[in-house]
Ligand code: 4AZ
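In this note's numbering, the protein residues as written are 18 to 325.
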């Protein structure tokens, strides 16, 4: 169980919002939720005042938490990573004819966001499946796709409006290894120079090999004025894009990471989707950071098609 307290001063005393997280292996969330609610209500009766439980914000469906965060890197220590451990539980692989093509990010138990350019060859949902888990093979969970909605203004090979949402034919049950990321509000100002994390099964270098195990890298958010400098992208960065990486090069997303997440943690360590891997001039070159679809810019578009 994890706890996250958020206290704020109130004229009559203190408002304490306490988030309780319960992790169960059972899949019967409703029964568990009712049992937890009953016990908490009983206990709260012992306290005077106006303590109430708001179950609608039940943490069983909370976004952006990494329950299975390992403190060791299996690749560095030679340790063993547990199968499907779900370090980045919102990361999905988009497969066409069972071959990994792109990344995608889980934003509800049925909806994912990805990049429009992933579907430039085909947006026929019958050809696509979504897989979850740290490894491409064996995957933890695979779902057919019911609907693919590509931004109506996306026109290959232009990079603008590089966003798509897709709905699974059957929703997933959230577990510690598979659940949704948080989406920022449209009005959120994203600071630059802060650390963000990119994850994916994309190429390890330009034209390089595709790994079977999910990779992660820390990058810095780069402000658009810098990214639009002549020697960088020379004005190609529009308000719907955000750059991330290092001007000195070396760390970047690459082919096959497209559609996948660029995330940042908030002060409570809940992770928000800030960007979607979109484009760049090759990978990890100096002055050519990765360019991501800016999620806040498309937040209302996401709501329009998903209701989220
Ligand atoms: C691609 O081709 C691609 N370095 C994705 C990301 C980046 C470059 C290319 C960013 O899908």
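Every residue gets a Cβ at the ideal spot worked out from N, C-alpha and C, and that includes glycine.
Every value quoted in this text rests on a predicted model; they were computed, and no experiment measured them.
Query raised in the report: At a cut-off of 8 Å, is residue 190 close to the ligand 4AZ when judged by its beta-carbon and the heavy atoms of the ligand?
Result: no
Query raised in the report: Can you tell me whether residue 58 is buried or exposed, with buried defined as 16 or more other CB within 10 angstroms of its CB?
Result: exposed
Query raised in the report: Is any heavy atom of the ligand 4AZ found at a distance shorter than 8 Å from the C-beta of residue 108?
Result: no
Query raised in the report: Around the ligand 4AZ, what residues have a beta-carbon under 6 Å from a heavy atom of it, in chain order?
Result: 269, 270, 271, 272, 274, 275, 294, 296, 297, 300 and 307
Query raised in the report: Name the DSSP bridge partner or partners of residue 282?
Result: 288
**Report entry** Nearest-angstrom Cα separation, counted from residue 106 out to residue 127
**Finding:** 14 Å
**Report entry** DSSP-derived helix/strand/coil call for residue 161
**Finding:** strand
Query - Minimum C-alpha distance to residue 191 - residue among 158, 310, 279 and 227 - result: 158
Query raised in the report: The beta strand (DSSP E) spanning residue 322 covers which residue range?
Result: It is not in any beta strand (DSSP E) - residue 322 instead sits in the alpha helix (DSSP H) that spans 316-323.
Requested in this report: Quick one: using the 10 Å Cβ neighbour count with 16 as the cut-off for buried, is residue 306 buried or exposed?
Outcome: buried
Requested in this report: Enumerate in chain order the residues of its own chain whose CB-to-CB distance from residue 233 is below 8 Å, with the five nearest sequence positions on each side excluded.
Outcome: 104, 105, 214, 215 and 216
Query raised in the report: Excluding the five sequence neighbours on either side, which residues of its own chain have a C-beta within less than 7 Å of the C-beta of residue 187, listed in chain order?
Result: 160
Requested in this report: Just mark residue 109 as buried or exposed, buried being the case when its beta carbon has 16 or more other beta carbons within 10 Å.
Outcome: buried
**Report entry** Of the listed residues 267, 199, 285 and 212, nearest to residue 240 (C-alpha basis)
**Finding:** 212
**Report entry** Where residue 56 sits in the DSSP three-state scheme
**Finding:** helix
Query - Range covered by the alpha helix (DSSP H) that runs through residue 244 - result: 241-244
Query raised in the report: Using DSSP with H/G/I as helix, E/B as strand and the rest coil, what is residue 89?
Result: Any reading at residue 89 must be qualified, since the residue scores a pLDDT of 44, below 50, and its modelled position is unreliable; the value itself is stated next. Looking at residue 89 - three-state DSSP - the assignment turns out to be coil, as it is neither helix nor strand.
**Report entry** Backbone CA spacing between residue 200 and residue 274 [nearest angstrom]
**Finding:** 19 Å
**Report entry** residue 265 versus 304, 290, 165 and 145, residue with shortest Cα-Cα distance
**Finding:** 304
Query - Simplified DSSP assignment, three categories, for residue 117 - result: strand
Query raised in the report: Considering only the beta carbon of each residue, do residue 297 and residue 310 sit closer than 9 Å?
Result: no
**Report entry** Span separating the alpha-carbon of residue 62 from that of residue 55
**Finding:** 11 Å
Query - Beta-carbon proximity of residue 196 to residue 171, cut-off 9 Å - result: no
Report task. Could you tell me the distance, in whole angstroms, from the CA atom of residue 117 to the CA atom of residue 209? Result -> 31 Å
**Report entry** CA-to-CA distance, residue 149 to residue 235, given in whole angstroms
**Finding:** 21 Å
Query raised in the report: When you compare each of 308, 248, 316 and 228 to residue 177 by their alpha carbons, which one comes out closest?
Result: 308
Query - Through-space distance from residue 246 to residue 223, alpha-carbon basis - result: 23 Å
Query raised in the report: Of the choices 252, 301 and 284, whose alpha-carbon is the least far from that of residue 261?
Result: 301
Report task. Compute the Euclidean distance between the alpha carbons of residue 82 and residue 198, then round it to the nearest angstrom. Result -> 7 Å
Requested in this report: Please name the residue or residues paired with residue 307 in a DSSP beta bridge.
Outcome: 261
Report task. Note down the Cα distance separating residue 286 from residue 124, rounded to an integer number of angstroms. Result -> 17 Å
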